[in-house]
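Under numbering that gives the first Met the number 0, the sequence shown has 104 at position 105, and the numbering climbs by one with no breaks.
Positions of the beta carbon are idealized from the N, C-alpha and C atoms, including for glycine.
Note that the structure is predicted; figures quoted are calculated from it, not measured.
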Amino acid sequence: MRLGFFALLFASATLLVSATPSPAYDYGPHRAAHASHRAQSDQHMQRAEAHINHADFHDNLAIIAANNGDHRGAARHSSQVAHHLRQAERHMNIAQIHDNHADWHASQIPPGLRRSIDELD
């Protein structure tokens, strides 16, 4: 008799526990990190675009200097073109790293299928 009573008590407690919603996990740090990495990626892409624009500017100046016979000036502007293109590539690589980090943080945030205790109020 006692064994049956405790078995029934245990079974009813198990049903109550399984129906209780799980507490909400705080995804705030992942959301904040996702937004931060996206913003940093955007900043690096803007810097890369600025370097590409500077490289185009120096390329035009190198062509003008070469046409005017200023070979030293043309070489100086050509080296500036190479410098700005290296910097643009560096910023694009860093932006890609930030994009990868942002994607990882986004993957840690579920699509919202969990129920939390707060939703029951």
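Between the CA atoms of residue j and residue i - distance to the nearest angstrom
i    : j    : result
D98  : N52  : 23 Å
H29  : Q45  : 24 Å
S35  : E48  : 20 Å
V80  : I96  : 25 Å
A54  : P110 : 43 Å
A105 : H82  : 35 Å
L60  : G27  : 50 Å
A73  : E88  : 23 Å
Q107 : Q39  : 19 Å
Residue i versus the options, residue with shortest Cα-Cα distance
i   : options               : result
N92 : D41, R1 and S35       : D41
R37 : F4, A94 and D25       : A94
A32 : H100, P109 and P110   : H100
H43 : P109, R75, F9 and H90 : H90
D58 : H50, N67, F9 and H76  : H76
beta-carbon residue i near the ligand GTP non-hydrogen atom, thresh 7 Å
i   : result
H83 : This structure lacks the ligand GTP, and indeed carries no ligand of any kind.
Requested in this report: Jot down the residue ranges of each uninterrupted alpha helix (DSSP H) in the region 42 to 83, minimum 4 residues, whole runs only, in chain order.
Outcome: If we require 4 residues or more, the region 42 to 83 turns out to have no alpha helix (DSSP H) run fully inside it.
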